[in-house]
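Novice: Here it is: the structure, laid out below.
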Amino acid sequence: MQVETKKIVVLGTGGTIAGKAAAAGDNIGYVAGQVRVQDLLAGVPGLAQAAQGPLDFEQVAQIDSKNMEFGVWAALAQRCHEHLQDDSVRAVVITHGTDTLEETAWFLHSVLDARKPVLLTCAMRPATAIAPDGPQNLLDAMAVAHAPGARGVLVVCAGAVHGARQVQKVHPYRVDAFSSGEGGPLGWVEEGRVRLAQDWPQAQAGWAQGALEKVASGASWPRVEIVMNYAGACGATVDALVRDGVQGLVVAATGNGTLHHALQAALERAQQAGVAVRVTTRCPLGQVLSLPWAHAALPLSPGLIPVKARVSLLLELLGASAPTL
Ligand code: ASP
Numbered sequence: 001m002q003v004e005t006k007k008i009v010v011l012g013t014g015g016t017i018a019g020k021a022a023a024a025g026d027n028i029g030y031v032a033g034q035v036r037v038q039d040l041l042a043g044v045p046g047l048a049q050a051a052q053g054p055l056d057f058e059q060v061a062q063i064d065s066k067n068m069e070f071g072v073w074a075a076l077a078q079r080c081h082e083h084l085q086d087d088s089v090r091a092v093v094i095t096h097g098t099d100t101l102e103e104t105a106w107f108l109h110s111v112l113d114a115r116k117p118v119l120l121t122c123a124m125r126p127a128t129a130i131a132p133d134g135p136q137n138l139l140d141a142m143a144v145a146h147a148p149g150a151r152g153v154l155v156v157c158a159g160a161v162h163g164a165r166q167v168q169k170v171h172p173y174r175v176d177a178f179s180s181g182e183g184g185p186l187g188w189v190e191e192g193r194v195r196l197a198q199d200w201p202q203a204q205a206g207w208a209q210g211a212l213e214k215v216a217s218g219a220s221w222p223r224v225e226i227v228m229n230y231a232g233a234c235g236a237t238v239d240a241l242v243r244d245g246v247q248g249l250v251v252a253a254t255g256n257g258t259l260h261h262a263l264q265a266a267l268e269r270a271q272q273a274g275v276a277v278r279v280t281t282r283c284p285l286g287q288v289l290s291l292p293w294a295h296a297a298l299p300l301s302p303g304l305i306p307v308k309a310r311v312s313l314l315l316e317l318l319g320a321s322a323p324t325l
């Protein structure tokens, strides 16, 4: 049997997977980001075998991902970039909170040349729970790390493997909290084996790598906010944000990109004032189809949910040319 010599590096960032509650029966009253990544790994039976080689770890952050910050993203991307360049590394696994996981996944997908797997994993039950889900998710991430052809930024949770573009947290409590929407997951992990339903994501170079270099050399992150269309919407929030110096606005429009006329007028004023505006839909499935006869007053961000469109706009405003989806 061939002995695997390449290592898997686990980057800890906190989350429920590293959460602790006062009582084992408490699945929600816990504090996220308490258990050190090395202790998490040490607590998973069979992890060393599943890694099939050296397992390294680094604590990049120790936070509840609801508090995710640009500084953590930049540090995480930098560490991933270095490990991806290192020939002795097979894959990078990131332990992450579930709340903003899809944003981090899309950010890393956009800035990394991920020809190897970068696997975000997580848990919906704290490490102290009677039945924590983190250990199995970590084991499953090791299986994906060894799956032939695995590459790109992927999410491994509850036995499913999702791509960075489609994945979205869809449930606040259920262990199987993520969905890839209409396309479904890329595949599943069953008893340490990956069963693919779709091809691995195309090898891609990370359309926004340059943006990360700018941040590393001191550029500050732009301010991009999200607004939403709804019954009775008006333009007051947009006008206030423009006065406050916002540089980008993503709007979660209704249906096929429709906007209350008052909100639309405010967004057009914002755009005329130099604010970058992108239209998405608040519908959880599908994507906005541009109307051939409509004049494109406000540009679309096709196929991205609002929080991912915001990530793309942040990176565009940092100088990245255009997202390749
Ligand atoms: N609030 C937690 C976090 O995002 C939730 C979780 O990890 O499930 O860090």
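Under the working numbering, the letters of the sequence shown match residues 1 to 325, in that order. For glycine and all other residues, C-beta sits at the position ideal for the given N, C-alpha and C. Small disclaimer: the values here were computed from a predicted structure and weren't measured.
Quick check on DSSP: helix, strand or coil for Thr5?
Specialist: Thr5 falls in the coil class under three-state DSSP.
Novice: Near Val153, what residues of its chain come up, given a Cβ to Cβ distance below 6 angstroms and the 5 sequence neighbours on each side ignored?
Specialist: For Val153, where only same-chain residues beyond five positions count, the Cβ hits under 6 angstroms are Ala105, Leu108, His109, Ala114, Val118, Ala164.
Novice: For Ile94, collect the residues of the same chain with a Cβ closer than 6 angstroms to its Cβ; drop the 5 residues on either side in sequence, then sort them by chain order.
Specialist: Leu11, Leu120.
Novice: From what residue to what residue does the beta strand (DSSP E) around Trp188 run?
Specialist: Start and end: 187-190.
Novice: Which term fits Gly255, buried or exposed, when burial requires 16 or more other beta carbons within 10 angstroms of its beta carbon?
Specialist: By the neighbour-count rule (16 or more Cβ atoms within 10 Å), Gly255 is not buried but exposed.
Novice: Spell out the partners DSSP gives Gln59 in its beta bridges.
Specialist: Looking at the DSSP assignment, Gln59 forms a beta bridge with Gly12.
Novice: Can you tell me the Cβ-Cβ gap for Met68 and Thr100, rounded? I've got them flagged as a contact below 8 angstroms.
Specialist: Right, their Cβ atoms sit about 4 angstroms apart.
Novice: Going by beta carbon distance, what residues of the same chain come within less than 8 angstroms of Phe57, once the five residues before and after it are set aside?
Specialist: Cβ neighbours of Phe57 beyond the five flanking positions: Val9, Val10, Leu11, Gly12, Val37, Gln38, Leu41.
Novice: Any heavy atom of ligand 1 closer than 8 angstroms to the beta-carbon of Gly33?
Specialist: Correct: Gly33 has its Cβ closer than 8 angstroms to ligand 1.
Novice: If you follow the alpha helix (DSSP H) that Ala337 is part of, which residue opens it and which one closes it?
Specialist: Residue 337 lies beyond the range of the chain shown here (1 to 325); nothing can be said about it.
Novice: Pop quiz: Val238 and Leu259 are said to be a contact at Cβ under 8 angstroms. What is the actual Cβ separation, rounded to whole angstroms?
Specialist: Between Leu259 and Val238 the Cβ distance is about 11 angstroms, and since that is not below 8 angstroms, they are no contact.
Novice: Closer than 8 angstroms is the cut-off here; do at least three beta carbon pairs connect the region 307-323 with the region 209-217?
Specialist: Flag = yes, the region 307-323 and the region 209-217 touch.
Novice: Can you tell me whether Ser65 is helix, strand or coil according to DSSP?
Specialist: If DSSP states are grouped into helix, strand and coil, Ser65 belongs with the helices.
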